[in-house]
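For reference, the structure is listed below as structure tokens.
Right, here's the structure in full:
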């Protein structure tokens, strides 16, 4: 078991870089009517916003989990690396869907990415709460509320996959709404 | 309420990356007379400088605000995410105006970005000063001076929007001057 | 001798950025059948995964070494810079092998990169353990286990170089397996 | 006066990103004989190495200065921002000289960049040592040694500018040698 400050610092770095790299995928129009070109580029802007808020809210949740986690073992560090794999991957499906907003496969890659990430969060949190010595004992009520909120993750992103069969744009809007849901702390949904 | 060190670390990462990514927008000329090509690229260099100092000074201000902020709740974290959204966005209008210095729309996107960011700072600071438990109580005079300085932000960037109707280059110079104004601490403008 | 926290912070930044930049090398297909284009791009995805886990596990090991290191002198800072040189270099051979999976030279550059990095780790660790005042004295058993594990690094990556003469894809798979080996802590391989 | 930890964190981020972005300037050859294309690309590799070590050693020096600096005022934060402006700028002249190793103007831009940065370091250090309340008083001997070492910076980079009139490649080699000189701590050059 080791303390978690350097894991958090490395993770913060990855989150911060991935969220900032998103802007590189929006290309400056070269020729023609600039105003119209910017208008036509709305899928890029929408994809930027949806992915920005998803990464931002995942960072908020990572932050919340680590306020409850006191110590890490090698398995937890490995599972954290899986979470970060998902985070570094996000700029690719974002660019894919921004470039091909009407291709079903682009929407499917985008929504499946988030579905898999919600499973990674499940596995990470499941291990953290069950393995002894990781959680600070005084906050088991807060931990249980998070467990409940996270059960919704795979469900909500399965719906995103279903939406991808209809419209890539709708996937982006749905993903932004799911981000709003996870922006709320778990305690907001529990009867006290 | 939680302490703010990890919020600052994540924010520092985003500020540092956005300010460093600006250089990627300056392309190396491939063919022809290299000296002349570099000369002709002056809008890129000017845009790089104006955005570098704007992000740098926004970081300075973020740093100053967080020396007065003691604790954060979920709303403040969300409002901080809005500030970071603006910061990650800046490389795009910078590249847009560097590539199209004579297009009115490019200057408008650039100046409107900073206008909206100055509103984000207002909302962030308004919440921080009014919600109980966020500010450290012993420095309310310093907080009030900042409030006064920040009232100028939207005004100065509204002027930038007006300037954008005349000249994109002038927007860049004006923005650099506004950065100089905000580089000074709020206390520099108050009668003691 | 100075304390190591800022060396770790700078190193964490370099690791975090290098691991996140890998995704920039995967290009979004522009034209044609998008599903098929993504399928054909499997070498890019495999290279992304192999390099992601290699950098991630190197970070884990860097983290482990620095839990045993108490103080740094200028030589150690210089040797750490060599490690970071290797880390920042990795995105290039990754992109090279992803773009040219069937070129022997690409596989050789990729595997030689990791071989040289394993030598850098040897030199770094050899200096840290032999120079007085660097290691915390109470954990010499843990340090010796790491020394044994690290002797395998150059051997395993020499095998990678041999594999590169046969297949670039096999190099990627082998490298991912070596990453798994180094993900385990050194203590996992020692008879207690 | 405020403490310096967040200034260091932000600076570490900028240094780490700039040093890692250098690799993005090395492009993967697309067509033709891959081995020969890599050989012909040696100016890119040399420029990468020279700039990597220059940024790395500037980080080492920044780190050393801040072990002697106890507190920062707004002027010092502004001067630090000037240093960071130089750091974020480095990837551009690096790419310029890598792409145009035989153009005199490319070598001049590269060497002038480092000359100006050495002046920025002078101004920064001059302010830090003369303004009261910034330096920790117990280490004035160490501070004076650094002052002496830094006087050599502008001289050594003026020589680099002169070399640029002869050969861009020689500028890169000279810059790497200057980095070696500044890698040594100032105390290594003083008679004890």
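Chains as they are written, first to last, in the working numbering: chain H, 207 to 398; chain E, 207 to 398; chain G, 207 to 398; chain Y, 207 to 398.
Every residue gets a Cβ at the ideal spot worked out from N, C-alpha and C, and that includes glycine.
Computed from a predicted model, the values in this text were never measured in an experiment.
- At least 8 Å separates the beta-carbon of residue 258 of chain H from that of residue 289 of chain H.
- DSSP places residue 393 of chain G in no alpha helix (DSSP H); its state is neither H nor E.
- Per the C-alpha coordinates, the member of H:283, H:381, H:393, H:358 positioned closest to residue 261 of chain H is H:381.
- Just so you know, the alpha carbons of residue 387 of chain E and residue 355 of chain E end up roughly 9 Å apart.
- The Cβ of residue 241 of chain E sits closer than 8 Å to at least one Cβ of chain Y.
- Shown here for residue 267 of chain Y: same chain residues with a beta carbon closer than 7 Å to its own, the five before and five after excluded, namely 388 in chain order.
- Partner residues in the beta bridge of residue 341 of chain Y, as assigned by DSSP, are Y:275.
- A contact between stretches requires three or more CB pairs, one per stretch, nearer than 8 Å, and the stretch 361 to 372 of chain H fails this requirement with the stretch 336 to 353 of chain H.
- Linking residue 341 of chain E to residue 230 of chain Y through their CA atoms gives a straight-line distance of about 42 Å.
- For residue 246 of chain G, the number of other beta carbons within 10 angstroms of its own is below 16, and it is reported as exposed.
- In terms of Cβ geometry, residue 378 of chain H and residue 252 of chain H form a close pair [threshold 8 Å].
- For residue 373 of chain Y and residue 239 of chain E, the gap between their C-alpha atoms comes out near 18 Å.
- Taking residue 294 of chain Y as the centre and dropping the five residues before and after it, the same chain places the C-beta of 220, 224 closer than 7 Å to its C-beta, in chain order.
- Within its own chain, the residues whose Cβ lies closer than 6 Å to the Cβ of residue 276 of chain E, once the five positions on either side in sequence are excluded, are 342, listed in chain order.
- Interface annotation, residue 219 of chain H: in contact with chain E, CB-CB separation under 8 Å.
- Residue 234 of chain G reaches chain H at 301, 302, 305, counting residues in chain order whose Cβ is nearer than 7 Å.
- Annotation for residue 315 of chain E: 299, 302 place their beta carbon closer than 7 Å to its own, counting only its chain and skipping 5 residues before and after.
- Measuring C-alpha to C-alpha distances from residue 322 of chain G to each of G:255, G:213, G:364 identifies G:364 as the nearest.
- Cα atoms of residue 338 of chain G and residue 394 of chain E: separation of roughly 50 Å, rounded to the nearest angstrom.
- The beta-carbon of residue 358 of chain Y is placed no less than 8 Å from the nearest beta-carbon of chain G.
- Each of E:309, E:248, E:335, E:358 was checked against the Cα of residue 272 of chain E, and the nearest Cα belongs to E:335.
- Remark: C-beta atoms of residue 317 of chain G and residue 359 of chain G do not approach each other more closely than 8 Å.
- Residue contact check for residue 283 of chain G against chain Y: a CB pair falls below 8 Å.
- Under the three-state reduction of DSSP output, residue 280 of chain Y falls in the helix class.
- Residue 385 of chain H sits buried, since 16 or more C-beta atoms from the chains shown fall within 10 Å of its C-beta.
- For residue 265 of chain Y, the nearest CB of chain G lies under 8 Å from its own CB, placing it at the interface with that chain.
- Close to residue 212 of chain Y, with beta-carbon spacing below 7 Å, are these residues of chain E in chain order: 214, 218, 269.
- By the rule that beta-carbons nearer than 8 Å mark a contact, residue 275 of chain G does not touch chain Y.
- Between residue 278 of chain G and residue 216 of chain H, the C-beta gap is not smaller than 8 Å, which leaves the two residues out of contact.
- Residue 375 of chain G and residue 383 of chain G have their C-alpha atoms some 13 Å from each other.
- Sequence-distant Cβ neighbours of residue 308 of chain Y in its own chain, meaning closer than 8 Å and more than five residues away, are 374.
- Taking 8 Å as the threshold, the shortest C-beta distance from residue 226 of chain E to chain Y falls below it.
- Here residue 332 of chain Y is exposed: its Cβ has fewer than 16 other Cβ atoms, across all protein chains shown, within 10 Å.
- A distance below 8 Å between beta-carbons, with the five flanking residues on each side excluded, links residue 283 of chain E to the following residues of its chain, in chain order: 213.
- Among the CB atoms of chain H, none fall inside 8 Å of the CB of residue 319 of chain E.
- Counting only the Cα atoms, residue 265 of chain G lies some 20 Å from residue 281 of chain G.
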